[in-house]
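I have placed the structure first, in the form of structure tokens, so that the comments after it can refer back to it.
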Amino acid sequence: MLKVRKDLARFQPRCPRIALTSFRFTPPADCLSTKPVTIQPFTKAQWTAIDALGRQIDQRLHAAQIGLTMGGEPTYVSARDRTDLQWRYEALGTEKRQLAEALLLRLAQRLNPVGGLRHYGIGKLYPGEPYPRWALGCFWRLDGQPLWGNADLLATAAPSGKPQTWAAAKSFIYELATCLAIPHAAIMPAYEIEETVPAGFVLPLLTTEVNGTPLWQSCRWTGFDQGMVLVPGDGPVGLRLPLTELTDTEQLLTEAQPAFDSAPIRPEAVSSLAPADSIRLALVVSVENGIVQVFLPPIATGRSFADVITAIEATAEVLDQPVQLSGYGPPINQGIEGFKLTPDPGVLEVNIHPVATWPELVQLHHALDEEAIACGLACEKYGRDGQLLGTGGGSHITIGGKTPATSPLLQRPDLLRSLITYWQHHPSLSYVFAGQYIGPTSQSPRIDEARHDSLYELELAFLALMPGKAIAPEVVDRLLSPLLQDVTGNTHRTALCIDKLYPTYNPAAQLGLLEFRGFEMPPYTGLRLLQMLLIRALIARFWQQPFTQPLKRWGPELRDRWLLPHYLIQDFQIVLKELKTAGLPFELDWFTPFLLRRFPQNGKIALRDNPAQVLELRTALEPWPVIGDAGGGGTSRPVDNSMERVQLFLTGAVGDAPAVGALAKRYAILCNGHRVPLRSTGVAGDYVGAVRFRARSPLDTDHAALTPHVPLRFDVIDTWKSQHLGGMIYHTDPVDAETLPPSLEVARSRFQQRFVPVTDGPVPEPLPPLVVHPEAPMTLDLRLVHLRTE
């Protein structure tokens, strides 16, 4: 027995076979449970402490009436085959679509929103691509009323019974026109070139207003009374309508803008047709893969969208015909919420809907990861060298409010100033959680990486963002959007992105949101939640104590000191210490999984004369520039990843008086025969240094400037005794690294092959001089010493 919604009763005069029954969805009883499920890196005691802190921060946010909501964009790759191009750099792929469809079904069932609507729609159109990418979504009304009532009438991606034909599409659109009270004369068949069977049926459709009452209207399209021929291609019928062939007219109708809480549109009588060609939007019904599919045009308001969906469901009830909704999704921030799954280069991205509280975040992200893993998706992949990596697509975090008007960022623009300033003060927040690809041309450059004049200009803008000072949202956008962008002027590619805050050029994107883009996808749910909790804590702190210090001029240090694990961890400890002082106690141990994956230890040896003396080799960070002439018009951007950097940390090398930043005198480390600058950490016997080198040639052409420097050999020398104390050989790529590792076990094996301890070696007489560049005093750049000695 099909269940029917009461609000379909208004269509009874047009759809006489509808019978009324009760209908209701009940959300899961444990919807606010914070029981850890996929929190593998944490002990039970650690998660208990993290969860308690999350609830404490919630209390602060609530007491201050901040009204914060948080969303995100986690990304996933296939657990079956991470080597396929669709999981490396291509956006589209068959398996990616199949996994997205499976995840959509599982998530819709797991989250169980009241009256949820599954939507197989279109997403963004990117340069060089003929059609918009697909975007699968699940949407529901925020007022608790069902958007779609009978889940049995929502077809899945694969037909469950006999495939439908064009006749089913024709029956559906004629019945739908009846429900909308639109004359059938407006319906037109659409054909492929030289085909006689219709590919679909087109109904121009627009919500208009007559005498103050909104209603649906349609019109004839001149010249298409016998049907239309679609634009050639393999895209959806709704994207291939010959709109350019429509007759020009000055009588284009304006779309009505009914409020979401206004009365539903109720067709009392058949409306008259509008003037010919006065409506340029159309709903299309076709049969795709054996399923009746309704392609929705762009609809400006949530009220109109909800009422059209109700009419479509009423039609499906009458005909007992399951359908699939496609085309354009609901308008943003118009009383309808939801999540979307979209393809991105190398990953499947989930645009998860925002929630307000810590328990809601925990529940939502557990559900997301569990269902993704159950579908055959994974949260990590492996480099050729065996290093464990994120998905490469990031896990961006968004903050805002329940509405743009209640966004904390627009209520208190000084909060935005505090966050921008604090991120600029602490490079660890930019680099510790980011992916492999960092630097000025990355997806999330710092404000001081993009433009050299940005700090001065930003400080001028900050003078208008003083605490307690009211400022209009459009002024905030005009002040900051010219500065928060990458070197090409792209406002989306920046560590803190405001292109959905209140852009004056795009009213549809005025959502009151700030996007934190410098976050890579962690391998476990708990780590992603910890990132979000860190942001929540900083917001709670800055709401009470705005951070208005002058911006720092890091200069060349961003390309030297702040790429080394030792200093980034020190900086991050300062962040946690300040939060603890503010009454928000985070523990560094909670972040250890991040640090071990971000800065993996490549090897460690004890020196010969004293087991307390240890040399550790650890991966450091290296910005990779975009290859400017190799874009090819696609959406993925090739980068030059031929350069790498490692950190050397020498412990127990007592002899020189400790002085922060002082060069070691007694002990020397040689890399391929060149001296590495060792700087004192301020702790007796502890020194840190770095080597920057070309790990692989970016071209097949031999040239001294492009010659790889690998393998790297490190030798530790006691200069007082002229004694070799030990060393190591480091290979950047294992012998069998021509392909990506197919499994975690193979990845770990490759990573271990890269390091070989050395017990003996020569002591050069005299020791080579120290060659460093004044802009990189912490680092030996092997390109510099090799080219100087050519």
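If you're matching positions, the sequence shown starts at 19 in the working numbering and goes up one per residue. By construction, the Cβ of each residue, glycine as well, lies at the ideal position given by its N, Cα and C atoms.
For residue j and residue i, the rounded distance between their alpha carbons
i, j, result
"Arg535", "Val790", "33 Å"
"Leu86", "Val215", "53 Å"
"Arg731", "Phe537", "33 Å"
"Arg806", "Pro583", "28 Å"
"Ile623", "Phe667", "11 Å"
"Ser51", "Gly134", "In this predicted model, Ser51 has a pLDDT of only 35, less than 50, meaning its place in the structure is not dependable enough to derive any value."
"Ala329", "Cys197", "6 Å"
"Met64", "Arg684", "Note that residue 64 is Gln in the sequence shown here, rather than Met. For Gln64 and Arg684, the distance between alpha carbons rounds to 42 Å."
"Ala392", "Gly411", "20 Å"
"Trp234", "Pro293", "14 Å"
"His742", "Phe60", "42 Å"
"Val764", "Gly404", "7 Å"
"Ser446", "Tyr440", "11 Å"
"Glu113", "Asp471", "45 Å"
"Ala702", "Ala686", "16 Å"
"Thr333", "Cys397", "41 Å"
"Gln74", "Trp376", "9 Å"
"Ile327", "Glu273", "17 Å"
"Trp580", "Cys515", "22 Å"
"Arg626", "Val734", "10 Å"
"Pro677", "Ile747", "Checking the sequence shown, residue 677 turns out to be Ala, not Pro. Looking at the two C-alpha atoms, the distance is approximately 30 Å."
"Ile645", "Ser660", "12 Å"
"Gln116", "Gly253", "18 Å"
"Gln461", "Leu71", "31 Å"
"Leu496", "Gly418", "Looking at the sequence provided, one finds Arg at residue 496 rather than Leu. Approximately 19 Å between the Cα atoms of the pair."
Residues that DSSP places opposite residue i in a beta bridge
i, result
"Tyr705", "Leu668, Ser698"
"His692", "Cys689"
"Glu533", "Thr416, Cys515"
"Trp234", "Thr225"
"Ser304", "Gly218, Gln311"
"Ile140", "Trp152"
"His742", "Ile735"
"Trp158", "Glu355"
"Arg768", "None; Arg768 has no bridge partner."
Contact check, residue i vs residue j, beta carbons under 7 Å
i, j, result
"Gly320", "Pro349", "yes"
"Leu122", "Leu359", "yes"
"Leu483", "Arg435", "yes"
"Ser698", "Ala680", "yes"
"Arg710", "Pro786", "no"
"Thr512", "Leu501", "no"
"Tyr144", "Ser344", "no"
"Val380", "Ala186", "no"
"Gly707", "Pro716", "no"
"Leu221", "Leu110", "no"
"Gln665", "Ala638", "yes"
"Phe616", "Val450", "This sequence places Arg at residue 616; Phe is not what is there. A contact, by the Cβ cut-off of 7 Å."
"Val305", "Phe219", "no"
"Gly90", "Ile354", "no"
"His804", "Leu547", "no"
"Asp432", "Pro485", "yes"
"Ala203", "Val255", "no"
"Leu154", "Ala176", "no"
Residue i classed as buried or exposed, judged by whether at least 16 other C-beta atoms fall within 10 angstroms
i, result
"Ala208", "buried"
"Arg159", "buried"
"Ile200", "buried"
"Ile84", "buried"
"Asp362", "buried"
"Ala488", "exposed"
"Ile211", "exposed"
"Lys399", "buried"
"Gln588", "exposed"
"Ile592", "exposed"
"Tyr474", "exposed"
"Lys62", "exposed"
"Pro54", "Confidence is the limiting factor: at Pro54 the pLDDT is only 34, short of 50, which leaves the residue's position unreliable, though a coordinate-based value still follows. It counts as buried."
"Ile351", "In the sequence under discussion, the amino acid at residue 351 is Asn, which differs from the Ile named in the question. The residue in question, Asn351, is buried, as its Cβ has 16 or more Cβ neighbours within 10 Å."
"Leu552", "buried"
"Leu427", "buried"
"Pro276", "buried"
task: Scan the segment 599-655 and note each continuous beta strand (DSSP E) run of 3 residues or more that stays entirely inside, going in chain order.
output: Qualifying beta strand (DSSP E) stretches, in chain order: 619-624, 632-637.
field: Uninterrupted alpha helix (DSSP H) stretches inside the segment 307-393 (no shorter than 4 residues)
entry: Runs found: 320-337, 376-393.
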